[in-house]
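**Student:** In my numbering, the protein residues as written are 109 to 324.
Think of the CB as a built atom: it goes at the ideal place given N, C-alpha and C, for glycine as much as any other residue.
What you are looking at is a predicted structure, and each value in this text was computed from that prediction instead of being measured.
1) Do residue 277 and residue 263 come within 7 angstroms of each other at the CB atom, strictly closer than that value?
2) Going by other Cβ atoms of all chains shown within 10 Å of its Cβ, with 16 needed for buried, is residue 292 buried or exposed?
3) With three or more beta-carbon pairs closer than 8 angstroms as the criterion, would you say the stretch 161-172 touches the stretch 205-224?
4) Find the nearest neighbour of residue 313 within the set 117, 116 and 124, judged by alpha-carbon distance.
5) Tell me which residue opens and which closes the beta strand (DSSP E) that residue 117 is part of.
6) For my contact list, residue 208 and residue 249 are in at a C-beta cut-off of 8 angstroms; report their separation, rounded to the angstrom.
7) I need the straight-line Cα distance from residue 127 to residue 189, nearest angstrom please.
8) Assuming residue 155 is part of the beta strand (DSSP E), what are its boundary residues?
9) Could you spell out the range, first to last residue, of the alpha helix (DSSP H) harbouring residue 295?
10) In the DSSP assignment, find the alpha helix (DSSP H) that holds residue 209 and state where it starts and stops.
11) Name, in chain order, the residues that DSSP records as bridge partners for residue 234.
12) Could you check whether residue 169 and residue 132 sit closer than 7 angstroms to each other, using their CB atoms as the reference points?
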């Protein structure tokens, strides 16, 4: 699996995604559940459309994936993985997305396919923060206790473990969460947590199959 880890939006290495299109199917699932905590409305719809339009401009055929449609139905989630080999998770709340992945079984299938070179997982901010082993650092930036699915379960602080370091997006950037990102970095330092602070525009590429990482 190839990981395309961006701090904000597509970042500064869109050509890496174009390379994927040269040898792979152009279908991609746009995972929107990090924004389930936000009220439905024109602003939310516009934001999702904006993310989809960026992918379409690169040549992707975008299918909106709402993981709520797969809650407690892992067989359908398996069918999703058979149909799509590329996914793009947008920013929002990391812990809401993490819970949606657990409830749908998406997390397990993503981990199970980590060493399958046919897959691409891309995204930005919350969409990629959960790739880390731990979400303790990003908890400083997000609201872990939010539970739009009414599970009455505690937040999930364990990430997917596809990368060792905690991802801290929007660091030293012109973003509303930049101050929180600085606090998250300080939290990681104080607790001796391994982390990667990313400025908006930064992209990190990791090919799990080849066990190599390139920060761009």
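**Tutor:** Taking the coordinates as given:
1) no
2) buried
3) no
4) 124
5) Note, residue 117: premise wrong, no beta strand (DSSP E); not H, not E.
6) Not confirmed; about 18 angstroms, so no contact.
7) 21 angstroms
8) Run containing residue 155: none in the beta strand (DSSP E); it sits in the alpha helix (DSSP H), 150-166.
9) From DSSP, the alpha helix (DSSP H) with residue 295 extends over 286-298.
10) Segment 202-212, the alpha helix (DSSP H) holding residue 209.
11) In DSSP, residue 234 forms no bridge with anything.
12) In this structure, residue 132 sits away from residue 169, with a CB-CB distance that is not shorter than 7 angstroms.
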